[in-house]
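One structure is given below, encoded as structure tokens.
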Amino acid sequence: MTPALAVRGATKRFGAVLALDGVDLAVFPGEVLALLGDNGAGKSTLIKCISGVHRLDSGSIEMGGVAVTMGSPAAARALGIETVYQDLALFDNLDPVANFYAGREIAGPRWLPRGLRLLRRRDMSRATGELLTRLQVGIADPHATVGLMSGGQRQAIAVARAAAFASKVVILDEPTAALGLRESRRVLDLILRLREEGHAVIVISHAMDHVIEIADRAAVLRRGRKVGEMRPTPDNRQAIVSLIVGGDS
Amino acid sequence: MTAEAGAMRRLGSDPLRLALLAIRLGPALILLLLVVIMSMLSPAFLTMLNVGNVLAQTAVIAVLAIGQLLVILTRGIDLSVGSTLALASVTGALVYSAAPSGPVVVLAMLATGMAVGAINGMGYVLGRLPHPFIITLATLSAGRGLALWLSGGQPQQGMPEVVQVMGGGSAGWLPYSAFLVAAVALAVVLLTTRMVWGRWIYAVGGNPEGARRTAIPVDRVVISVYVLSGLAAGIAAIVTSGRLNAGSPTFGDLAELDSIAAVVIGGASFLGGRGSVGNALVGALMIGIIRNGMNLLDVNAFLQPIVIGVVIVLAVESDVVRGRLESRFRTAQAARS
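Residue numbers (the working numbering), protein chains in the order written: chain Z, 252 to 500; chain X, 631 to 967.
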């Protein structure tokens with residue numbers, strides 16, 4: 252099968268620091284790939300290169316077997332990659348619907364310049380409602396601003412927003428980091444539903460229990476290199492952890 | 631979840647919700663209260679003549695406040711609007727003496743306002759200044775200076791008919807300037823609540839970095855609000871110049887502070903992303919009514935700025951209380967989800 256996204260020989264340098272050193276990575280449709288590594292291992296740099304925030308110094312990115320360049324976040328999004336960053340990038344002063352469509356509002360008429368078009372609020376509201384129902388994300392009050400919602404609801408909205416617009420790859424940076432048990436559970440279920448819908452999902456996480464539960468495969472980075480790749484199971488948990496921290500120590 | 635739990639949830643959140651609603655409507659309720667109190671204290675207050683007066687006197691603050699609101703929504707501030715008003719009025723007067731055509735003078739005043747706004751917005755964004763306070767402080771100074779220089783420090787008599795009518799004319803007791811305010815307000819309500827650009831203004835104010843990531847043209851949005859605020863200053867210049875049939879470098883002195891006060895009294899947040907045209911108008915009317923009312927009641931004129939100062943503090947304090955209530959609301963909601 253062709254990977255939804257494949258990175259080959261990814262190298263990225265910040266001044267004297269070699270943040271990525273020839274990393275290969277592939278993720279397939281309907282697969283959850285966990286990206287593991289200690290702080291500074293290069294996880295964030297790698298996903299920022301994939302999502303168009305940084306550009307690779309050398310190496311290539313393919314989507315569905317076709318070479319692509321991620322010149323900007325907008326370019327990555329146009330190619331079907333959506334990223335949920337740790338700080339969520341939600342608009343606390345807007346309601347869930349406005350958050351969903353921020354920057355890609357449904358509006359018309361088409362002959363007007365984009366900024367001057369009139370919002371099709373009912374269309375956006377209906378589409379958001381349908382998607383949230385499909386992903387089984389319950390929002391207590393869909394007209395409240397997102398700033399008034401709990402951490403879990405906010406995370407769910409951010410993940411659902413990514414799912415709504417990603418045609419191919421969803422990248423999640425520490426999706427359960429700030430959440431309680433029950434809220435984490437909901438977000439994990441949501442990730443599993445994304446997999447069922449055929450998305451390729453890349454998850455950065457430090458929570459090994461979550462990784463073992465949801466990930467089909469784990470790739471471990473250390474000091475900018477990929478040092479291992481395996482299916483995470485309760486049995487090889489120790490092996491993965493020592494890969495992350497450096498087994499020789 | 632059981633029915634009991636549902637009922638408890640509702641009990642837990644409803645008083646909070648009501649309190650939130652009351653505080654959201656706060657500015658309008660306080661305005662209503664103010665009107666009731668004033669009409670009881672002074673029989674002259676609710677006469678058509680006086681209402682027309684209040685509207686005419688509030689028109690300038692109201693238009694400036696609508697422009698200022700757009701800027702404050704993006705976490706900015708425009709200190710230059712008073713100076714811009716003066717500069718636009720002087721430009722209008724000078725253009726009128728050279729080319730006595732109504733439309734040309736009107737266009738010149740509006741263009742002057744937009745030009746200063748463009749300097750503010752582009753200076754802030756392209757100059758990567760730490761805060762718009764700085765560039766608009768600079769244009770506050772330079773704009774007033776330029777107005778004084780161009781006019782030789784003297785008021786320039788004479789404005790075209792159309793400007794005089796817009797600034798000083800009335801339909802019965804209703805001043806035309808009130809219609810102008812209504813038109814400006816309607817246009818900006820359309821912008822802020824129905825148009826994509828307006829949604830972007832709120833998004834940029836709520837989370838500039840997030841807006842950038844969602845490919846909203848943040849820089850252009852920020853520049854645009856300063857241009858629109860400058861345009862509002864140009865419109866305010868038409869009203870002021872028309873009413874007094876002159877252009878003067880002293881017009882609009884401290885008007886920037888009135889416009890900021892109106893927006894803040896109207897409950898907009900300096901942190902950006904929250905505020906509405908309606909509430910900014912309520913804030914402007916409140917300032918207008920306090921001034922008018924104290925005149926009617928023959929209160930010492932020196933007391934007016936003190937009262938307005940107190941109102942500003944009360945308004946912002948109610949905003950703080952609203953913030954607290956909202957975070958309590960959020961905790962309550964998190965606890966039961």
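Ideal Cβ placement from N, Cα and C applies to all residues, glycine included.
Predicted model only: the values in this text are computed from it and were never measured.
Among the CB atoms of chain X, none fall inside 8 Å of the CB of ALA417 of chain Z.
Taking 9 Å as the upper bound on Cβ-Cβ separation, chain Z lies near residues TYR832, ALA833, GLY835, GLY836, ASN837, GLU839, GLY840, ALA841, ARG842, ARG843, THR844, ALA845, ILE846, PRO847, ARG850, VAL851, SER854 of the stretch 832-862 of chain X.
Cβ neighbours of ALA277 of chain Z within its own chain (closer than 6 Å, five residues either side excluded): PRO254, ALA257. As computed with DSSP, LYS263 of chain Z is found in a beta bridge with Z:LEU271. When the beta-carbon positions are compared, ASP467 of chain Z and VAL283 of chain Z come within less than 8 Å of each other. Non-local beta-carbon contacts of ARG259 of chain Z in its own chain, meaning distances under 7 Å to residues more than five positions away in sequence, involve ASP275, GLY310, SER311 in chain order. The beta-carbon separation of ALA378 of chain Z and LEU307 of chain Z, rounded to 35 Å, does not stay under the 8 Å limit for a contact. Neighbours of PHE351 of chain Z in chain X, taken as residues at a C-beta separation under 7 Å, are lacking, since the least C-beta distance is about 10 Å. ILE917 of chain X is positioned such that its CB atom lies no closer than 8 Å to that of MET668 of chain X. Counting other Cβ atoms within 10 Å of its Cβ, VAL268 of chain Z stays below 16 and is therefore classed as exposed.
For ARG365 of chain Z, the neighbours in chain X by C-beta distance under 7 Å run, in chain order, VAL826. Excluding five sequence positions before and after GLY788 of chain X, the CB atoms of its chain that fall closer than 8 Å to its own CB belong to ALA723, TYR726, SER727, ASN875, ALA876, given in chain order. For ARG474 of chain Z, no CB of chain X lies under 8 Å from its own CB, so it is not counted at the interface with that chain. In the three-state scheme derived from DSSP, where H, G and I count as helix and E and B as strand, GLY877 of chain X is classed as strand. Annotation for LEU341 of chain Z: ASN350, VAL397, ARG405, ILE408, ALA409 place their beta carbon closer than 7 Å to its own, counting only its chain and skipping 5 residues before and after. With respect to chain X, the C-beta atom of GLY322 of chain Z has no partner C-beta closer than 8 Å. In this structure, Z:LEU472 is the residue among Z:LEU472, Z:ARG482, Z:VAL492, Z:ALA414 with its C-alpha nearest to the C-alpha of ALA270 of chain Z.
Contacts between ASP343 of chain Z and chain X, judged by CB atoms closer than 8 Å, involve GLY836, ASN837, GLY903 in chain order. Of all alpha-carbon atoms in X:ALA862, X:ASP849, X:PHE881, X:GLY706, the one lying nearest the alpha-carbon of LEU694 of chain X is that of X:ALA862. Nearest Cα to ARG437 of chain Z within the set Z:ALA411, Z:SER418, Z:ASP424: Z:ALA411.
Any Cβ of chain X closer than 8 Å to the Cβ of ARG373 of chain Z would place that residue at the interface, and such an atom is absent. Within the stretch 286-346 of chain Z, the runs of beta strand (DSSP E) at least 3 residues long that lie entirely inside it are, in chain order, 309-314, 317-319, 332-335. Judged by pairs of C-beta atoms under 8 Å, the stretch 363-375 of chain Z touches the stretch 814-832 of chain X, as three or more such pairs exist. Within its own chain, the residues whose Cβ lies closer than 6 Å to the Cβ of GLY896 of chain X, once the five positions on either side in sequence are excluded, are PRO657, ASN909, ALA910, VAL912, GLY913, listed in chain order. Note: LEU276 of chain Z is bridge-paired with Z:VAL258 in the DSSP secondary-structure output. Residue pairing from DSSP places GLU480 of chain Z in a beta bridge opposite Z:ALA470. Pairing GLU448 of chain Z with ARG433 of chain Z, the inter-Cα distance amounts to about 23 Å. The beta-carbon separation of ALA353 of chain Z and THR823 of chain X, rounded to 16 Å, does not stay under the 8 Å limit for a contact. Under DSSP, ALA801 of chain X forms a beta bridge with X:LEU804. By a beta-carbon distance limit of 8 Å, SER807 of chain X does not contact ALA718 of chain X. Their separation comes to about 16 Å. Within the same chain, TYR856, VAL857, SER859, GLY860 come within 6 Å of GLY747 of chain X by CB-CB distance, once the 5 residues on both sides are set aside. In chain order, MET825, VAL826, TRP827 make up the part of chain X whose C-beta sits under 9 Å from the C-beta of ARG368 of chain Z. Minimum Cα-Cα distance from PRO790 of chain X among the listed residues X:SER731, X:THR769, X:TYR754, X:VAL811 corresponds to X:SER731. Around the CB of GLU839 of chain X, fewer than 16 other CB atoms lie within 10 Å, so the residue is classed as exposed. Neighbours of ALA340 of chain Z in chain X, taken as residues at a C-beta separation under 8 Å, are given in chain order as ASN837, GLU839, GLY840, ARG843, THR844. Where VAL734 of chain X is concerned, the enclosing alpha helix (DSSP H) starts and stops at 732-756.
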